[in-house]
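Visitor: The sequence shown lines up with residues 130 to 265 when you count with our numbering.
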Amino acid sequence: MASLTPRKNKAGHVTSYQVKWRDGGSASGDWQTERFDDEPSAEVFKEAVEEAGHNWPFGWVKGKGYIDPAAADQLRYRFDRWAVASVENRTASKRYKQQRIRALEMYMFPTFGNCDIRSAVSAVTQFPSSGHLSVT
């Protein structure tokens, strides 16, 4: 469950509101946060997070808000769409393509499906001691 917390400065005045939730809604998920200047905006975002299954709402850019749909065809640059098109364009058997798409759906899309392939920022960091990956 996402929570809404007023953030106060040293004088005790509320300066912003923070929406905080665990990624995917699980107790083991990484904490995710987003800051807002006003409470109504934070409440709307909190509801959007809950509707998205405690994930970032589709089209939301951290610290910026929703992407302007007029700016570009955003679905074209989502990893899941790009990966499926890449597999379908291969000169291989139908069965091979189905197997590759199924593997993508099982292993890659849950983590990277909504990522923008144009992003220059690495979305994955690896912790050397545990070998686990963390999406940032």
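Every residue, glycine too, gets a C-beta built ideally from N, C-alpha and C.
For Lys191, list the residues DSSP reports as bridge partners.
Guide: Numbered from its first residue, the sequence shown carries residue 191 at position 62. Paired residues: none, contrary to the question.
Visitor: Tell me which same chain residues have a C-beta within less than 6 angstroms of the C-beta of Gly188, skipping the five on either side of it?
Guide: For the purposes of this step, residue 188 is identified with residue 59 of the sequence shown, where counting begins at 1. Cβ within range, chain order: Tyr195, Ile196.
Visitor: Can you grab the Cα-Cα spacing for the pair Ala201 / Gly141, in whole Å?
Guide: Position 72 of the sequence shown holds residue 201. Position 12 of the sequence shown holds residue 141. Note that Ala201 has pLDDT 47, beneath the 50 cutoff, so the model's placement of it is unreliable and no number is given.
Visitor: Per DSSP, which residues does Pro135 bridge with? Please list them.
Guide: Walking along the sequence shown from the start, residue 135 turns up at place 6. Beta-bridge pairing links Pro135 to Tyr146.
Visitor: Looking at the structure shown, is Thr240 part of a helix, part of a strand, or coil, going by DSSP?
Guide: Residue mapping note: residue 240 aligns to position 111 of the sequence shown, counting from 1. In the structure shown, Thr240 sits in a helix (DSSP, three-state: H, G or I).
Visitor: Please classify Asp266: does DSSP put it in a helix, a strand, or coil?
Guide: For residue 266 there is no data in the structure shown, the boundaries of the chain being 130 and 265.
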